[in-house]
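There are 4 protein chains.
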Amino acid sequence: MIKIGIIGAGRIAHVHARSVLNHPDTALTAVMEPNPSSAAAFAQTYGARPADQIEELFDQVDAVIVCSPTSFHPEHILAAARAGRPVLCEKPVAADLAEVDALETALAGLDSTVMIGFNRRFDPSFARIHELTQSGAIGAVEQVTIISRDPAPPPVDYIPTSGGIFKDMTIHDFDMARHFLGDIVSVVAIGQNLDPALAQTGDFDGAVITLVNAEGRTATITNSRHCAAGYDQRLEVFGERGTLNADNVRPTTVRVSNAELTDAQDPYLDFFLTRYEEAYIRELDEFLRALAEGRQPTPTIEDGRRALEIAEAAERSARTGTIVTL
Amino acid sequence: MIKIGIIGAGRIAHVHARSVLNHPDTALTAVMEPNPSSAAAFAQTYGARPADQIEELFDQVDAVIVCSPTSFHPEHILAAARAGRPVLCEKPVAADLAEVDALETALAGLDSTVMIGFNRRFDPSFARIHELTQSGAIGAVEQVTIISRDPAPPPVDYIPTSGGIFKDMTIHDFDMARHFLGDIVSVVAIGQNLDPALAQTGDFDGAVITLVNAEGRTATITNSRHCAAGYDQRLEVFGERGTLNADNVRPTTVRVSNAELTDAQDPYLDFFLTRYEEAYIRELDEFLRALAEGRQPTPTIEDGRRALEIAEAAERSARTGTIVTL
Amino acid sequence: MIKIGIIGAGRIAHVHARSVLNHPDTALTAVMEPNPSSAAAFAQTYGARPADQIEELFDQVDAVIVCSPTSFHPEHILAAARAGRPVLCEKPVAADLAEVDALETALAGLDSTVMIGFNRRFDPSFARIHELTQSGAIGAVEQVTIISRDPAPPPVDYIPTSGGIFKDMTIHDFDMARHFLGDIVSVVAIGQNLDPALAQTGDFDGAVITLVNAEGRTATITNSRHCAAGYDQRLEVFGERGTLNADNVRPTTVRVSNAELTDAQDPYLDFFLTRYEEAYIRELDEFLRALAEGRQPTPTIEDGRRALEIAEAAERSARTGTIVTL
Amino acid sequence: MIKIGIIGAGRIAHVHARSVLNHPDTALTAVMEPNPSSAAAFAQTYGARPADQIEELFDQVDAVIVCSPTSFHPEHILAAARAGRPVLCEKPVAADLAEVDALETALAGLDSTVMIGFNRRFDPSFARIHELTQSGAIGAVEQVTIISRDPAPPPVDYIPTSGGIFKDMTIHDFDMARHFLGDIVSVVAIGQNLDPALAQTGDFDGAVITLVNAEGRTATITNSRHCAAGYDQRLEVFGERGTLNADNVRPTTVRVSNAELTDAQDPYLDFFLTRYEEAYIRELDEFLRALAEGRQPTPTIEDGRRALEIAEAAERSARTGTIVTL
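Here it is in structure tokens:
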């Protein structure tokens, strides 16, 4: 039984707590959360002990899942590394590239194990496309098309603290693009401001981004902060010998036909907690498997850094109207 | 150029006339129709000459398409056969089995060429399933499932003259079942009377029929005189190594997704003239090809007779509540 | 926390054990299983205590799930009822109608709570179709079409002990038919013997069954003991104002297109433990919900009895070549 | 009967000839083609008279379809306009923007009727999406996604004469983008050279282009000169209240399921003559309808000019690695 501690008690901490509870090889032992009532409620729900200090948490666990606010990620990763505890840290690694660089410097020489929670790599459909691609099913990858739209915008207040659409939302898609294309050499982003309610935030509410790798292979990402039909998450990989695609997921396979329409399906699964529930479970599983096999889990901090680098380049491209070279 | 004459000037005669006009190897030369104004209008539309007598028609043509009312089919087929004109005759061959038997007797010894217009054999999707089945793609056929529903019932007045649902509507499905299973040895039919408007006609407005061949392979047919979503025409063939199915046809590939539903498509193509337009063209083509190659076209009169035999057995089964053996 | 005991430790007992463990309101407390090593292994896996006697089990639990062999169902249900323990019993209620009648007689006067585990009623897609049907989305139901094929036949040895295809396999479909049509008044079944390997068992390896209710509404069931493409489980409900259907379920939404084919999907989810995993969870939930609300859960023993009655009628119909009236 | 003359006798001239022959209101009267044997063959196939001089052609016809090589388009359009003959001219209007400007100048003051053959506007599915969009079905358009891939590259010799991928292939997609977004203000294109066989031509063999209109609404176009699964032609329009998409077209609705895969469909309809057959018919119909109603048909020469302007901007963007403002 691997004893797991969770840092943070927010929405995503609950997702991880459930995965830990349901996993046959893990126990949720401790939680650290500055808000005492949240900490107590979380601890009680999952039968974990609340820890006041991070060392107190480390003492009770074999591994840590970091679900604190982004600004604390480097500090918590570093503390765990120093305590010799493997870490699964929520994305993004840090708020900006400079902080990641500082973290990587601080980690140098430590024998740390850090995995970044880019959950989409573990979505059953996207993972299957990756596996088929790796096995040569469609030959070399030429063009990746990612559609990624949220069902509805976050509260307007949240946006200024979000880091902007590219770091907050597209960061997942940047990681997916790298998952299929490897390192990216140029980035061009078009930002949109189509939603009047979000206009005053200064952030974009939609974006189209094209990434190119050193061989000229491309990924196109289309984002929106809203989508009437639900959480729109699709992936298509076009290769020299075929195409693989993954559609949205519905709660059932039911189709309705009547005098107005035929084969209508239900709206897509609602937002990321539901849509990627299975992905979070498989992500935890990969983390545990890597620990058991004594290897580094992926995605790594460096994967997190590269995605963040693309996000900053995309922001620059959208703001300046130029193509940015990495 | 093969000169074609059409007997009849109703709805189905127009369908054949258009196929003839568009076929590169045929010319529509003559039409015979008792109603003078229909005959004149038809003749003018397609540039054909109206014939008063059937011999006058035969004199002007190389082959004949019989689109007269069912009760005249045997007489017109026989006349054409005696005149040495190949015939493509609309289904059914005749109003009942006794008439077909009489026709077959009368044709015996004549060197006739008669094809019965079971158009569904020529539908591109159904034909492709047949071809795949014949090529062994799914191994031996085990269970055929046919869904066949009209968009809306015919006028109540028509029903008493229709010969009943099994001869009027299911006859096509009986032929499809034979196309995949060969001869049928037992028939069980459940008739339905669910539509109050049709209740007084004495005919069924829905039916479920199971056919079995000598090897125990089955075909299940589900019919209804109405279907809210349109003309519902599907076929599924289940074999020992796989399944083939053909969905309904829509006018476009457009799918609509919004806050209520996702991937909704248009209603199915409206009724048989549109749905089977391509099938009528290919049916004519098979007829011409057989003439050119000096072989008998199929489906034959005997195919028409067998389908009618099943229709009569189905009626008997539904009326008596028993399984009927052929 | 509701303490649950399981009787039996076979494959289906494991399915229920996992549902109990994952349900927030239940604890798996005890297991009774005659084979000591199976009992011990089961007990250890789920942290339950093995009970030697059924009374010992009842003493430790609030409710019981019966997963014993069919021949023990009546005995175990009755014992639980006498001990005042609510029961969720796997289908079928008993091996034949006479035994169910005896059980119902024995239960008369006892204040028992018994639910029969017809899991398909709880499949998210089938349940959604039922809900839409109940809400009037398609008007009155006219024709139900059920396709139900196993991926591969059971071991030949199993078949003689199975009760025959209708009680073993179609029983689920009979319950689904009743779920949509209510009581059935006539049954006609065609049995098939197409698989040479199963020929000597005396049981059918495929079947087509038509059920009719008092209003003439029908359900058509197509069964096979094998299906190359996997576990083929589909439902279509045709009503006066529309059609609802539920397709098979695949592990991902991935589609492959290449030079040979387009949009090919993965094989269907493998067999019932995977395909109906969610259904078993929801079934348990309905059982608990009924207990909490102090009402009888459904499906009831009487539902189990009616399905068995249809199964026996289907066997008789297939053996005698007649339509059987209930 | 409107008498139509065709200039040119190549592949696309045959497509238009068939549309004219099949249209109830038109007759194909004359053809002009410099190669005498092509001219004779074409004339004989369609029963048209070959004309040696353009004036000879104009004398025999009410309207003209220009299917000559691109470099002759301006000359032939101008000649027809001067002769008072309405023109349907194949895309593109001319080889470059300067020539279109010269043509527009020359046409100024003439009472000409010129329609440019951007066939995709008339594809039943794309047209339906446009109609739904115009009717407000999805609110304001926000992001258009066009996938457009040829099944296989043209002969290597053709490429240097093609004008480059953007003018030759993407020009259709540029027009579609304008059809949904109106005028475009900025263009960024990434060109690809992934096919070694095409590398020495100097042209791109794939491209990703993003177009933005004055309101910040975008169109993303993904092109490739090859696609294993066939002619890949899809359109998706995302609006504030919903999404509309059009899938590829297959010859049948047949789906194959077996032990390896489920629901596999046939490859897409082969290349543009088949895929857009119906679109050419509807395009001709719009041309004739505009003539009958005395209005200008669309797309106009100015539409052709704007698409060409985008093509030139895309080429510049791809060559220089910058975003180009129009």
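Sequence lines, in order, name chains A, B, C and D.
Going by our numbering, the final residue of the first sequence carries number 326, and the count climbs one at a time with no gaps.
Going by our numbering, the final residue of the second sequence carries number 652, and the count climbs one at a time with no gaps.
Going by our numbering, the final residue of the third sequence carries number 978, and the count climbs one at a time with no gaps.
Going by our numbering, the final residue of the fourth sequence carries number 1304, and the count climbs one at a time with no gaps.
All C-beta atoms in this analysis are idealised placements derived from N, C-alpha and C, irrespective of residue type, glycine included.
Here the structure is a predicted model, which is why all the values come from computation and not from measurement.
Separation of residue j from residue i, as counted between CA atoms
i	j	result
Arg621(B)	His399(B)	22 Å
Glu1120(D)	Thr1240(D)	35 Å
Met495(B)	Phe506(B)	18 Å
Ala754(C)	Phe818(C)	21 Å
Ile985(D)	Phe1152(D)	26 Å
Thr646(B)	Gly657(C)	52 Å
Leu730(C)	Asp802(C)	32 Å
Ser135(A)	Val1042(D)	54 Å
Ile1107(D)	Asp1225(D)	12 Å
Leu244(A)	Phe238(A)	6 Å
Val998(D)	Val470(B)	43 Å
His342(B)	Ser800(C)	41 Å
Ala228(A)	Phe452(B)	38 Å
Pro623(B)	Ala1291(D)	59 Å
Ala478(B)	Asn519(B)	15 Å
Ala259(A)	Gly1220(D)	21 Å
Cutoff 8 Å; reference residue i; Cβ partners in own chain excluding five residues on either side
i	result
Ala1242(D)	Arg1233, Val1234, Ser1235
Pro124(A)	Glu278, Ala279, Arg282
Leu433(B)	Ile403, Leu404, Ala407, Val440, Ile627
Asp629(B)	Ile442, Phe444, Asp501, Arg504
Leu1075(D)	Arg1283, Leu1286, Glu1287, Glu1290
N-terminal and C-terminal residue of the beta strand (DSSP E) that residue i is part of
i	result
Ser474(B)	467–475
Asp25(A)	It is not in any beta strand (DSSP E) - Asp25(A) carries neither H nor E in the DSSP assignment.
Pro688(C)	Segment 688–698 is the alpha helix (DSSP H) holding Pro688(C); no beta strand (DSSP E) there.
Asp1181(D)	Counting along the chain, Asp1181(D) falls outside any beta strand (DSSP E), and DSSP gives it neither H nor E.
Ile510(B)	510–518
Ala51(A)	49–51
Ile6(A)	2–7
Ala871(C)	870–876
Val739(C)	739–742
Same chain only: Cβ atoms within 6 Å of residue i, ignoring 5 sequence neighbours per side
i	result
Ser1140(D)	Asp1146
Glu707(C)	none
Gly517(B)	Phe530, Ala533, Ala644
Lys981(D)	Ala1005, Thr1007, Val1039, Asp1040
Glu425(B)	Pro400
Pro688(C)	none
Ala1061(D)	Phe1036
Glu888(C)	Thr797, Asn897
Ala616(B)	Pro623
7 Å Cβ shell around residue i - same chain, five flanking residues per side excluded
i	result
Ile1137(D)	Leu1176, Thr1179, Asp1181
Gly341(A)	Nothing about residue 341(A) can be reported from this structure: the residues present for chain A run from 1 to 326 only.
Phe271(A)	Pro151, Tyr231
N- and C-terminal bounds of the alpha helix (DSSP H) containing residue i
i	result
Arg567(B)	Here Arg567(B) belongs to no alpha helix (DSSP H), and DSSP marks it neither H nor E.
Glu954(C)	953–972
Inside the region 53–80 of chain A only - alpha helix (DSSP H) runs reaching at least 4 residues
54–60
Pairing CB atoms from the region 209–217 of chain A with CB atoms from the region 176–196 of chain A, are three or more of them under 8 Å?
yes
Output the residue ranges of the beta strand (DSSP E) runs that lie fully inside the region 1078–1160 of chain D and measure 3 residues or longer, sorted by chain position.
1092–1095, 1119–1127
Is it a yes or a no for the region 111–127 of chain A touching the region 88–100 of chain A, going by three-plus beta-carbon pairs under 8 Å?
yes
So, do the region 885–905 of chain C and the region 1199–1208 of chain D have three or more beta carbon pairs nearer to each other than 8 Å?
no
Let me know the alpha helix (DSSP H) ranges lying completely inside the region 888–932 of chain C, each 4 residues or longer, listed in chain order.
923–927
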